[in-house]
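Worksheet: one structure, shown below.
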Ligand code: NZQ
Ligand code: ZN
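Residue numbers (this note's numbering): 638 to 1031.
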């Protein structure tokens, strides 16, 4: 097992009715004026924004609001939020929504932490953040895991670049997780969320060497099996509370670092390949991951065959074949079958996009640029490899 630091400072308030405690929670966290940040319309329509405002009013905490965050959140909205908060004297950002809203909130918080600097520089990795306002969330979709993660992903709508910045100082102070809030999700969003949760675990599970990590592997395998089981339940029965609860809790544990303890950090190439698809085609993140994963897997599996065999047997329930290679390939095919069972894409055509050769080369170039030239733990991939995987996924 590799040495590790496990830092997960986010208070979790899990279960029905948690949103009504938001006022007390922000007050305990020291907030005096809060930005309530939200997305397009779902949280307004469900009455959650009104409930949140009422909870803050009851606690006597002042607030302003800013909606309109889009999936694959835009830098423009971040800048609008920074300007609004400066003018209003906001000292705490409460995101009400999913990963896009939480990431937009984190970026606003970074911008306010260092008001004389351009926040986009963080995403260009030309400097590191030294300050960040406190952020918390009321989560409405189990997916990105931003509610407990150190990560923030923003798209610069002018350049089409979708870029991540990771820093522990942006980890949320608390997260309210009421599974009932996720019952209004369209099936496509529920399943894209499940694909993202599984992928956050797989990125950490697929390490370069076959470490002896019985506990971490066991946690990761149980998490993946659980999400796969309940994704299928929700595909048939979207109002199933227990299924919503299992998936929601899994979403946070998949991305708060737990399933990576003792690894060398994991692979993460599939995520980087997807970020380019998000930046260029504005696809839903989890669906984009599902569409490229099996192409990535078939490109790299020989470089750590024992890991792919373990995954096939322990996660996908595959009966070992005549050779390790056969077992590994059966595991990848079983994952594609699972994605089909929940109406998730297994290639770019099913995702609804058809990149040209020119666009593939552009995405591969941008991906290599974003990763400093190469990415991957199972197999280190360069620009030409990235282009090859996009082509395999067509
Ligand atoms: O905008 P509204 O109307 O709220 O609709 C949203 C949006 O269209 C809708 N939605 C959310 N909760 C709902 C709901 N609709 C009905 N009922 C509800 N309860 O769902 C759509 C997707 O929302 P979004 O926030 O985009 O989803 P998700 O949580 O999947 O976040 C995706 C973003 O997070 C980034 C992704 O790249 C993408 O930009 N990621 C962030 C990470 C992090 N910060 O740790 C890690 C991830 O790997 C990921 O990259
Ligand atoms: Zn993700």
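Using N, Cα and C, we set each Cβ at its ideal position, and we do this for glycine too.
This structure is a prediction, so every number in the text was calculated from the model and none was measured.
Near residue i, which residues of its chain fall below 7 angstroms by C-beta distance, leaving aside the five closest residues on each side in sequence?
i, result
"residue 920", "914, 988, 990"
"residue 952", "858, 861, 862"
"residue 876", "820"
"residue 653", "815, 817"
"residue 940", "1015, 1016"
"residue 909", "1004, 1007, 1008, 1012"
"residue 1028", "997"
"residue 759", "747, 766, 802"
"residue 1030", "928, 929, 932, 984, 985"
Which first and last residues belong to the alpha helix (DSSP H) in which residue i is found?
i, result
"residue 830", "824 to 842"
"residue 673", "Taken as a continuous stretch (DSSP letters only), residue 673 belongs to no alpha helix (DSSP H), being part of the beta strand (DSSP E) at 670 to 675."
"residue 973", "961 to 978"
"residue 951", "942 to 951"
"residue 664", "659 to 665"
"residue 870", "851 to 873"
Check the C-beta distance from residue i over to residue j and give it rounded, since I have them as a contact under 8 angstroms.
i, j, result
"residue 731", "residue 779", "Not confirmed; about 19 angstroms, so no contact."
"residue 679", "residue 777", "7 angstroms"
"residue 880", "residue 837", "Rounded, the Cβ-Cβ distance is 19 angstroms, inconsistent with contact."
"residue 706", "residue 775", "That belief does not hold up - the Cβ atoms of residue 706 and residue 775 are roughly 14 angstroms apart, past 8 angstroms."
"residue 912", "residue 799", "5 angstroms"
"residue 968", "residue 945", "6 angstroms"
"residue 677", "residue 829", "Actually they are not in contact, since the Cβ atoms of residue 677 and residue 829 sit about 16 angstroms apart, beyond 8 angstroms."
"residue 656", "residue 703", "Not a contact, Cβ separation roughly 18 angstroms."
"residue 927", "residue 839", "Not really, about 11 angstroms apart at Cβ, beyond 8 angstroms."
Could you pull out every residue in the same chain whose Cβ sits closer than 6 angstroms to the Cβ of residue i, ignoring the five residues on either side in sequence?
i, result
"residue 651", "814"
"residue 638", "850, 899"
For residue i, which residues from the same chain have a beta carbon less than 8 angstroms from its beta carbon, with the 5 sequence-adjacent residues on both sides left out?
i, result
"residue 649", "785, 811, 812, 814, 889"
"residue 719", "745, 748, 749, 752, 756"
"residue 972", "930, 931, 934, 953"
"residue 673", "686, 689, 690, 693, 700, 701, 702, 703, 731, 733"
"residue 955", "949, 964, 967, 968, 971"
When the Cα atoms are used, what is the spatial distance from residue i to residue j?
i, j, result
"residue 1025", "residue 788", "28 angstroms"
"residue 767", "residue 966", "46 angstroms"
"residue 728", "residue 670", "6 angstroms"
"residue 943", "residue 937", "12 angstroms"
"residue 832", "residue 736", "14 angstroms"
"residue 1009", "residue 851", "32 angstroms"
"residue 644", "residue 848", "22 angstroms"
"residue 722", "residue 757", "17 angstroms"
"residue 726", "residue 668", "11 angstroms"
"residue 698", "residue 662", "11 angstroms"
"residue 666", "residue 772", "10 angstroms"
"residue 845", "residue 904", "8 angstroms"
"residue 808", "residue 895", "14 angstroms"
"residue 865", "residue 717", "39 angstroms"
"residue 790", "residue 801", "4 angstroms"
"residue 842", "residue 948", "9 angstroms"
"residue 870", "residue 977", "14 angstroms"
"residue 970", "residue 825", "21 angstroms"
"residue 1020", "residue 1001", "5 angstroms"
"residue 916", "residue 907", "14 angstroms"
"residue 1022", "residue 983", "19 angstroms"
"residue 764", "residue 804", "12 angstroms"
"residue 770", "residue 872", "38 angstroms"
"residue 641", "residue 682", "43 angstroms"
"residue 782", "residue 854", "19 angstroms"
"residue 835", "residue 995", "31 angstroms"
"residue 724", "residue 878", "41 angstroms"
"residue 797", "residue 715", "15 angstroms"
For the beta strand (DSSP E) that contains residue i, what are its first and last residues?
i, result
"residue 792", "788 to 793"
"residue 702", "699 to 703"
"residue 812", "811 to 814"
"residue 895", "Taken as a continuous stretch (DSSP letters only), residue 895 belongs to no beta strand (DSSP E), as it is neither H nor E."
"residue 936", "From DSSP, residue 936 is part of no beta strand (DSSP E) but of the alpha helix (DSSP H) over 922 to 937."
Quiz prompt | Segment contact flag, the region 898 to 908 with the region 956 to 963, C-beta cutoff 8 angstroms, min 3 pairs | solution = no
Self-check item: Sufficient close CB pairs (3 or more, under 8 angstroms) joining the region 699 to 717 to the region 736 to 755
Solution: yes
Quiz item: Below 8 angstroms, can you find three or more Cβ-Cβ pairs linking the region 747 to 755 to the region 690 to 697?
Solution: no
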